[in-house]
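Have a look at the structure below, then the notes.
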Amino acid sequence: MLDETECISSLEEIDSRRLALARRYNELAPISTLPKDLLLKIFALCVADQPPKQPPKPSIHYASLGYFVRPDPWWTGITHVCYYWRTITLACPSLWTCPPLFSSVWGCEMIRRSASLPLVIHWRKLEPTQLSAALDMIIPEITRIKDMSFNSYHNQAVSISESLRGLSAPQLESFTWTAHDCSEPYRDGIVSPLKSAVLNIDAPTLRYLRIEDIDIHWDSHILRAPMLVRLVLICRECTPPHTPQLLDVLRTCSSLQTLTLKWPIPRITHGVEPPSETHAPIPLHQLQCISLRSNCSSCADLLDLLAYPASVSTQVYFTDRDPPQEALDWFFSVIASKYRCGPQAESIQRCRIVEERLNNDNESPNGAEMAGYLTFQGFTPQQSSQMDKPYLSLCFGSRWGSKAVIRFLLLYLNILPISSLEEIIMEPPSRRYGDPPSMALELRGEDWLSMKDQLTQVKSVTLREEQVFGFVTALLKDPKTFLPRLEALKLGRAVVGYAGMWRMDSGLLFELLVHALRTRHEIRYPLALLEFSVDSNDLGPAAMKDLEEVVGLVNYIRPTRTEESLTSGVRARAFDFYEEAESDARFDVLTRIVSDTGSEGLIGFDDLGEGSDFDGLDDI
8 MLDETECISS LEEIDSRRLA LARRYNELAP ISTLPKDLLL KIFALCVADQ
58 PPKQPPKPSI HYASLGYFVR PDPWWTGITH VCYYWRTITL ACPSLWTCPP
108 LFSSVWGCEM IRRSASLPLV IHWRKLEPTQ LSAALDMIIP EITRIKDMSF
158 NSYHNQAVSI SESLRGLSAP QLESFTWTAH DCSEPYRDGI VSPLKSAVLN
208 IDAPTLRYLR IEDIDIHWDS HILRAPMLVR LVLICRECTP PHTPQLLDVL
258 RTCSSLQTLT LKWPIPRITH GVEPPSETHA PIPLHQLQCI SLRSNCSSCA
308 DLLDLLAYPA SVSTQVYFTD RDPPQEALDW FFSVIASKYR CGPQAESIQR
358 CRIVEERLNN DNESPNGAEM AGYLTFQGFT PQQSSQMDKP YLSLCFGSRW
408 GSKAVIRFLL LYLNILPISS LEEIIMEPPS RRYGDPPSMA LELRGEDWLS
458 MKDQLTQVKS VTLREEQVFG FVTALLKDPK TFLPRLEALK LGRAVVGYAG
508 MWRMDSGLLF ELLVHALRTR HEIRYPLALL EFSVDSNDLG PAAMKDLEEV
558 VGLVNYIRPT RTEESLTSGV RARAFDFYEE AESDARFDVL TRIVSDTGSE
608 GLIGFDDLGE GSDFDGLDDI
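The sequence shown maps to residues 8 to 627 in this note's numbering.
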């Protein structure tokens, strides 16, 4: 029987010879490998697309050990595929510049592998037990951090700011701090007041700063970074700044290109909180986009104090339910004054009106307001392409329904210097399959007529479904002075939902449209082009003939299946609308206008006499 020692020795010798043969085989017939540069590019793309993520719900045991809480297996797996891959990855510091803060062992190891390159710190939903360990990794490397992003609880804000106080981050370019749970201060029905966090970090190269649902103190040094290009401050429940603090921040950040203040803004002009300094305009000549959320008067005060180009995209969300007329007049006069100073203020040739916001600011669902938005964009003759950036853009929002939004639009159009306007485009908001149709922008006939002095040069109008009835009403009520130069009327793809109206037995809306166009034709205001986004088979030969008698050219654009699917819900609303409308006594007046048209001429609104039901038509 062989001795156990001799047996082990023999096995070791066999393993040694097997390894020697394997090495020799690899030398004679090496495994094909990709070039080093190509492999590094592939690894770099993987790192950029899939940063290390915290494992879901780690156990208390593993979290306490730290070493076993590691990034996804693929991340460290690239160093264990083969010797060639391991050599390449460990020798490339740029692959390890985003250390995971949820593991003290792997975080420190990746920081070591990154050598001296700038670090990217992403802190996502860190538990309170991991706070001190994460700060212990961050603070020693603060001079190397290029991009830092926090997602913390409210009760961690003060401890985090105190740990970072007085530090210098010479390479920091981007800093983001958001609240993990916006409902945390109100847990168990007890309101815990938020404490202001003083963030005194010296960041001379900071370009992007975003604070969301963290009550940051307005004396914080980080708000006054000299190279700041984008400043985003969003908070529902926070301490409003004093006027001198707000003005000091804006004067310091003279290089701002994007300014978002969804924060309580103090009154500046009208004596609620008089500033200690003179009201000299604050120059923001590089500003491209500004977004505010506050009451109407405060927004107007702040905009009046800023000096910025007319081409700046402006978005304002009014928090007051029913802004007084005086405040709205002040706000829109401030807005109009910005555009009157521009060299192209009088040459707006084309406007686009769409019911959506300019910029959502990537706001978290907890803090995002549920509101209606309306955007007005003006284009000059030089901006003929659909891809051109508009000369002026204004978006206003309110959570108080369509009447408020329409009120803002009418005030804006009546005060803006746009006497050269030739084309109006009412576009539907961007929506996906299954989204409900938007119903906010339903202009009445009197709304259109209130803007007629600004629309005397308009030659082309593109409408969406909500504007058809009100627009036709305006044409009927004032055929001589409303849009005297109108040449083209386009009922775009959103009106595909009205296909059901065109083919109804009563055909009321269609007959009203034909009647209005015939009236204009008789007074020598003929329409050169009428474009329908509807299947001509839905109208029938007789209806098509009626149109062709009063319009130079009628184009029927059959909607695609996608467009039909997007507006399938609108068709149902169209039938409901007319069922309700036909039962209204005021609708009988419209029926008379069409049915009583005889060979002797057209019945106008003057023929109805005073006290007729048509006086209330615009309330429909």
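Heads up, the beta-carbon is just placed ideally off N, CA and C, and yes, glycines get one too.
Query, Result
"With a cut-off of 8 Å on the beta carbons, I'd call CYS306 and PHE338 a contact; round off their distance for me.", "6 Å"
"Beta carbon of SER298, beta carbon of ASN366: below 8 Å?", "yes"
"Do you know how far the Cα of PHE109 is from the Cα of PHE325?", "40 Å"
"What ranges does the alpha helix (DSSP H) occupy inside the region 324–362, keeping only unbroken runs of at least 4 residues that lie completely in it?", "332–347"
"When you compare only the Cα positions, how much space is there between GLN332 and CYS358?", "25 Å"
"How big is the Cα-Cα spacing for THR12 and ARG30?", "27 Å"
"Helix, strand or coil: how does DSSP classify PRO107 here?", "coil"
"If distances are taken between C-alpha atoms only, which option among LEU418, TRP225, TYR315 comes closest to CYS296?", "TYR315"
"Helix, strand or coil for GLY452? Go by DSSP, reduced to three states.", "helix"
"Got a sec, what are the start and stop residues for the beta strand (DSSP E) ASN158 sits in?", "152–159"
"Measure the C-alpha to C-alpha separation of SER121 and THR104 and round it to an integer number of angstroms.", "5 Å"
"Can GLN464 and ARG492 be called in contact, C-beta distance under 8 Å?", "yes"
"How big is the Cα-Cα spacing for SER320 and ARG364?", "11 Å"
"What three-state label does DSSP hand LEU536 in the structure shown?", "strand"
"One question on the structure: do LEU213 and ALA232 come within less than 8 Å of each other, judged by their Cβ atoms?", "yes"
"Going by other Cβ atoms of all chains shown within 10 Å of its Cβ, with 16 needed for buried, is THR488 buried or exposed?", "exposed"
"Checking contacts by CB at 8 Å: is HIS224 closer than that to chain C?", "No chain C is part of this structure, which consists of one protein chain only."
"Under the rule that 16 or more other beta-carbon atoms within 10 Å means buried, what is THR150, buried or exposed?", "exposed"
"Along the alpha helix (DSSP H) that carries HIS528, what are the first and last residues, could you check?", "515–529"
"Between the C-alpha atoms of PHE450 and PRO288, what's the straight-line distance to the nearest angstrom?", "Just to set this straight, residue 450 is Leu in the shown sequence, not Phe. Cα to Cα, the separation comes out at about 37 Å."
"Secondary structure at GLN178, three-state DSSP: helix, strand or coil?", "coil"
"TYR32: buried (16+ other C-beta within 10 angstroms of its C-beta) or exposed?", "exposed"
"Hey, quick one: how far does the alpha helix (DSSP H) through PHE403 stretch, first residue to last?", "Where PHE403 is concerned, there is no enclosing alpha helix (DSSP H), although the beta strand (DSSP E) it sits in stretches over 399–405."
"DSSP three-state label for LEU126, please.", "strand"
"Quick check: ILE208 and LEU216, are their CB atoms within less than 8 Å of each other?", "no"
"So LEU401 and PHE383 are in contact, right, with Cβ under 8 Å, and what is the actual spacing, rounded?", "5 Å"
"Do you know offhand how far THR246's Cα is from TRP270's?", "9 Å"
"Note down the Cα distance separating ARG565 from SER540, rounded to an integer number of angstroms.", "6 Å"
"My assumption, with CB atoms under 8 Å, is that PRO486 sits in contact with ALA523. Please give the rounded CB distance.", "7 Å"
"Within a Cβ cutoff of 8 Å, which residues of the same chain sit near CYS115, ignoring the five residues on either side of it in sequence?", "PRO106, MET144"
"Helix, strand or coil: how does DSSP classify THR12 here?", "helix"
"Nearest to GLU529 by CA position, among GLU556, ARG414, LEU546, is which residue?", "GLU556"
"Might you give, ordered along the chain, the residues of its own chain that have their beta carbon closer than 7 Å to the beta carbon of ASP454, omitting 5 neighbours on each side?", "ILE413, LEU417, GLY477"
"Looking only at its own chain, which residues have a Cβ that is under 8 Å from the Cβ of TRP92, when we skip the five neighbours before and after it?", "LEU46, ILE85, THR86"
"Per DSSP, what kind of secondary structure is ASN302 in: helix, strand or coil?", "coil"
"Going by C-alpha to C-alpha distance, which of LEU238, LYS153, MET394 sits closest to SER175?", "LYS153"
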